[in-house]
Every structure is written in C-alpha cells, then in structure tokens.
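Worksheet: the structure to be examined is printed underneath.
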Amino acid sequence: NRMVNSDFINAFSKPFWLINTARGKSVVTQDLADALKSGKVLGAGLDVLEYEKSSFEHLFTDDAIPEAFQYLLDAQNVLLTPHIAGWTFESHEKLAQVIADKIIQLYK
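For the sequence shown, the positions run 19 to 126 when the numbering used here is used.
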C-alpha cells in the first residue's frame, strides 16, 4: 500500500511515466498529482485508483471529488481506464465459458 509516494517519485533522477495496472492503493493520488504538476512525472496511465470501490458509478458517495483526483481527470497527460488491464480476448472467452457452464449446471 502507498508504495508510489513522494519519496518514491523523488528518488528518480529523471522525469518518468507512471503506469499502474496492479493495485490502486499502491499510488498516493495527491503525490502523483503534485509530481505531474511539477513535471517530475511526465504522464500516467492508471487502470486502478486509490479511491476504487466496486463501481465507478458510486466512487464518491458524498459527491465531493478529491482535488487530486479531479486533477487526474482533467489532465491531458493522464489516461484512466476502468480496471480492464487484465481483460484479453482469452479472458473474455474463459469468462463466457465459466458463465455458460454455471448456467448449464443450474438447469441440469
């Protein structure tokens, strides 16, 4: 948790691109936003988010989007994807097969 923070970012001697497809809580969003603003991080590709819940529709229940997250949403050098990094043709095929097998078992 919180491995990619200001200490981690500042340990790099050159600006870099950050890609996170692992765990959302690995990246401190405020520290990433600050690093993007300063140019220490050139850009980010994020498939997972620190604020992640089970659904993007209910990500912030009080309608107050944190300032750092709003920065990521607005930034031209940030790409956000909806937790799909592991989705491949093969994984879709396997998921479809598992669902079909469960439906078949239900009606046997």
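For glycine and all other residues, C-beta sits at the position ideal for the given N, C-alpha and C.
Endpoints, alpha helix (DSSP H) assigned at residue i
{"i": "N28", "result": "24-28"}
{"i": "A62", "result": "Note, A62: premise wrong, no alpha helix (DSSP H); beta strand (DSSP E) at 59-64."}
Cα-Cα separation between residue i and residue j, rounded to whole angstroms
{"i": "L113", "j": "F107", "result": "10 angstroms"}
{"i": "T99", "j": "N19", "result": "20 angstroms"}
{"i": "N23", "j": "Y89", "result": "17 angstroms"}
{"i": "A40", "j": "I122", "result": "33 angstroms"}
{"i": "S56", "j": "Q94", "result": "14 angstroms"}
{"i": "E85", "j": "S109", "result": "35 angstroms"}
{"i": "E70", "j": "G42", "result": "7 angstroms"}
Residue environment, residue i, which counts as buried when at least 16 other CB atoms sit within 10 Å
{"i": "N38", "result": "buried"}
{"i": "D92", "result": "exposed"}
{"i": "V116", "result": "exposed"}
{"i": "I27", "result": "buried"}
{"i": "L54", "result": "buried"}
{"i": "A82", "result": "exposed"}
{"i": "I118", "result": "Checking the sequence, you will find Ala at residue 118 rather than Ile. It counts as exposed."}
For residue i, the residue or residues it bridges with in DSSP
{"i": "F34", "result": "V59"}
{"i": "L97", "result": "G63"}
{"i": "V46", "result": "V46 pairs with nothing; no bridge assigned."}
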